[in-house]
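Just below is one structure, and these are the notes that go with it.
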Amino acid sequence: MNKNLLFLLSLTFSFIGSYTKAQSTIFSEDFESCGHGTRYTEVNSHSDGGSDYFVRTDGSSGNTTVNCVSTSTTGLSAFLGMSNSFYYVGEDIDDSNLLPDSGYVMFDDIDISGFTNLEISGLFALVTNGCDNDQYMKVSVDIDNSGTFTLIGAFRTVGGGNAVNVSQDTDLDGAGDGTVLSSTFQNFTFNVIGTGSLIDIRVMVRTNTGADEFAFDNISLKGTSATTTWTGSWSNGIPNANMDVVIAENISVSSFTCRNLTINASKVLLLGSGQTVTVTGTSITNNGFGLIAVDAAGRLNLDNNGNTITLSGNISGGFRGIVEIQGTTTFATNGLITISAPSASSFGQVTGTGTVNGNISMQAFLDASTGRYFYLGSPFTNAVLSDFKESGAIMVSSSSSQGTAWEWDAANAEWDPAGGGNLANVATRGRGYAMYAGMNGSYGPFLIDDGDRTGTVSISGTISNDATVNVGLSYNDGQAAGVSFVGGSGVSATEGWNLVANPYAAIYDWEGQAIPADMSSAIYRFNGTNYSAYTKGAG
7 MNKNLLFLLS LTFSFIGSYT KAQSTIFSED FESCGHGTRY TEVNSHSDGG SDYFVRTDGS
67 SGNTTVNCVS TSTTGLSAFL GMSNSFYYVG EDIDDSNLLP DSGYVMFDDI DISGFTNLEI
127 SGLFALVTNG CDNDQYMKVS VDIDNSGTFT LIGAFRTVGG GNAVNVSQDT DLDGAGDGTV
187 LSSTFQNFTF NVIGTGSLID IRVMVRTNTG ADEFAFDNIS LKGTSATTTW TGSWSNGIPN
247 ANMDVVIAEN ISVSSFTCRN LTINASKVLL LGSGQTVTVT GTSITNNGFG LIAVDAAGRL
307 NLDNNGNTIT LSGNISGGFR GIVEIQGTTT FATNGLITIS APSASSFGQV TGTGTVNGNI
367 SMQAFLDAST GRYFYLGSPF TNAVLSDFKE SGAIMVSSSS SQGTAWEWDA ANAEWDPAGG
427 GNLANVATRG RGYAMYAGMN GSYGPFLIDD GDRTGTVSIS GTISNDATVN VGLSYNDGQA
487 AGVSFVGGSG VSATEGWNLV ANPYAAIYDW EGQAIPADMS SAIYRFNGTN YSAYTKGAG
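For the sequence shown, my numbering assigns the number 545 to the last residue and increments by one with no breaks.
Written as structure tokens, this is what we have:
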């Protein structure tokens, strides 16, 4: 028994976007996973098993770490208002004068190139029965590894002497004079004077008594990204990952990376062959004609792990290059994307491991100047069969001589009306369909209504970038089939045929497909006129 696979390469694309000039989050840490040695460094963290400690914890004695190693700590007080679960807390850090009396977390070499108006925010809290004046919590920074830290935020005893309350030291004179800390975390923001290329952030706690628990959480750094505008040349230098780009004149560019991208009214950003634009921010705004690739080798990379890049503005023409949604980036389309196919050999793709939120449209180019069948499929989870038909064209799913849309029943080796005869049904992802396009004598037009019957059909829906899409296969030897087979009437020519569509909005590499033991390693592709075969490992 041998299952053959008739494999369809499904459809092909354009895009659009949203941009607002505001402060951007450069860095954020909520301590929900331990980042010591990777995202930050703990200094003087420890626990004696009792009430002397500087640790990462969720408030329970058994869920505490020192340098990412689990430890036990007793006597932890209850805090409220943390960003999620974990935070850092210190009490009697010197451990009866055996250790330094301060501990800190250091965030090292954060890239701030291109940013101004820097500010650091965090959540801070305190449980105390009365603080000595040498107890504190401080936030300091070092720009460009000068070796000197500058104090930008502090919490000290009220009035500077021994006191029950600790408050923000707003003027950094050594005495608390602002908002009083409590056991409920509160958000504070501190301005950074100046900018540079790199910044180190240090959050330090000093306490050498057993009555004071200083805690901090959710440290973030924000800034205003610099902008460089294309007006025939770059107004503020060549863009980088921390700079916003505005396209104010038509441009054909070399590859560049930017934070946010805006295309002004009536303007276009043209990607040359093999050129790449990488966006690392949160928005792309197309107020003009959009981003256009001169061929399928142009690439738009969306790279902002764990965050969303949102598109807004106009619907442009077609983008026929590659859009790669990298890592854990989310791509919010607002329904403004068209994956275009201006010719049979030129079409766009959506690739990557990221997530697509919102609809996109996808085109297939058909040369139906001579009416004939095409094999088509959908990469979407919710596109309906009738979407394949252009307005003004005809499409019929019927078990009769008038039928023009069919699906292959592999178990019974027969053609059935597509969607069970209902074109309002979803085009099943991974299933191939035979659809007639063009004229049939004086009847038509079918599927495509362009004057010369050469152009594109388009469907819309949502994409799921699954690593694996399961498509069930069936076997029939085809000997009793009421249809003819191109290879003849022998069993080797009639058995095991399945009609499968590419379930992705990108070229599918058959070499990466695992082949079951009872399935042929060859696929067969039909372009509307001829069949071609490809055998895994042989070509």
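Glycine residues also receive a C-beta, built at the ideal position from the N, C-alpha and C atoms.
Three-state class that DSSP yields for residue i in the structure shown
{"i": "D138", "result": "coil"}
{"i": "G426", "result": "helix"}
{"i": "T291", "result": "strand"}
{"i": "G165", "result": "coil"}
{"i": "A440", "result": "strand"}
{"i": "S349", "result": "strand"}
{"i": "A416", "result": "coil"}
{"i": "G360", "result": "coil"}
{"i": "E517", "result": "helix"}
{"i": "F19", "result": "With a pLDDT of only 32 at F19, under the threshold of 50, the placement of this residue in the model should not be trusted; the figure read from the coordinates follows. If DSSP states are grouped into helix, strand and coil, F19 belongs with coil."}
{"i": "L391", "result": "helix"}
{"i": "V170", "result": "coil"}
{"i": "T284", "result": "strand"}
{"i": "T215", "result": "coil"}
{"i": "C264", "result": "strand"}
{"i": "I126", "result": "strand"}
{"i": "Y25", "result": "Interpretation of Y25 is limited by its pLDDT of 34, a score under 50 that renders its predicted location unreliable; no figure is taken from the coordinates."}
{"i": "F13", "result": "Per-residue confidence for F13 stands at a pLDDT of 47, beneath the threshold of 50, marking its modelled position as unreliable; no derived number is given."}
{"i": "E35", "result": "strand"}
Beta-carbon contacts of residue i that lie in its chain and below 6 Å, excluding the five residues immediately before and after
{"i": "T190", "result": "L86 and G87"}
{"i": "V133", "result": "S83, S189 and E219"}
{"i": "S405", "result": "P423"}
{"i": "G280", "result": "A303"}
{"i": "F532", "result": "Y381"}
{"i": "T195", "result": "E125 and S127"}
{"i": "T535", "result": "none"}
{"i": "Q408", "result": "V402"}
Delimiting residues of the alpha helix (DSSP H) encompassing residue i
{"i": "T231", "result": "Before going on, a small fix: residue 231 reads as Ser here, not Thr. Counting along the chain, S231 falls outside any alpha helix (DSSP H), though it belongs to the beta strand (DSSP E) covering D218 to W236."}
{"i": "A487", "result": "Here A487 belongs to no alpha helix (DSSP H), and DSSP marks it neither H nor E."}
{"i": "T80", "result": "Counting along the chain, T80 falls outside any alpha helix (DSSP H), and DSSP gives it neither H nor E."}
{"i": "T500", "result": "V497 to T500"}
Own chain partners of residue i with C-beta closer than 7 Å, once the 5 adjacent residues on each side are dropped
{"i": "F92", "result": "F37, E38, R62, T63 and D64"}
{"i": "S89", "result": "D36, L129, D223 and N224"}
{"i": "G488", "result": "E420"}
{"i": "G493", "result": "A499"}
{"i": "A299", "result": "L277, F325, R326 and G327"}
{"i": "N135", "result": "A217"}
{"i": "T387", "result": "R435, G467, T468 and S470"}
Environment of residue i [buried if 16+ CB atoms lie within 10 Å]
{"i": "P385", "result": "buried"}
{"i": "V75", "result": "exposed"}
{"i": "Q369", "result": "buried"}
{"i": "A389", "result": "buried"}
{"i": "N214", "result": "buried"}
{"i": "I529", "result": "buried"}
{"i": "I99", "result": "buried"}
{"i": "V211", "result": "buried"}
{"i": "D309", "result": "buried"}
{"i": "S495", "result": "exposed"}
{"i": "Y537", "result": "exposed"}
{"i": "S403", "result": "buried"}
{"i": "G358", "result": "buried"}
{"i": "D115", "result": "exposed"}
Distance CB(residue i)-CB(residue j) smaller than 8 Å
{"i": "D177", "j": "F161", "result": "no"}
{"i": "A2", "j": "G436", "result": "Outside the modelled stretch of the chain, which goes from 7 to 545, sits residue 2, for which no answer is possible."}
{"i": "A512", "j": "Q332", "result": "no"}
{"i": "F3", "j": "A347", "result": "The structure shown has nothing for residue 3, since the chain only spans 7 to 545."}
{"i": "S119", "j": "N197", "result": "no"}
{"i": "Y46", "j": "V111", "result": "yes"}
{"i": "L204", "j": "N151", "result": "yes"}
{"i": "T235", "j": "V252", "result": "yes"}
{"i": "A374", "j": "A443", "result": "yes"}
{"i": "S261", "j": "T282", "result": "yes"}
{"i": "G229", "j": "I269", "result": "no"}
{"i": "I315", "j": "V285", "result": "yes"}
{"i": "Y379", "j": "A416", "result": "no"}
{"i": "N340", "j": "S367", "result": "no"}
Proximal residues to residue i (C-beta, below 8 Å), its chain only, five neighbours per side dropped
{"i": "T80", "result": "G55, G56, S57 and S67"}
Extent of the continuous beta strand (DSSP E) to which residue i belongs
{"i": "A539", "result": "Y537 to T541"}
{"i": "A370", "result": "I366 to D373"}
{"i": "T316", "result": "T314 to G319"}
{"i": "T63", "result": "Y59 to T63"}
{"i": "A77", "result": "Correcting the residue identity first, residue 77 is Thr in this sequence and not Ala. Element bounds for T77: V75 to T77."}
{"i": "A299", "result": "G296 to A299"}
{"i": "Y481", "result": "Premise fails: Y481 is in no beta strand (DSSP E) and is neither H nor E."}
{"i": "W503", "result": "W503 to A507"}
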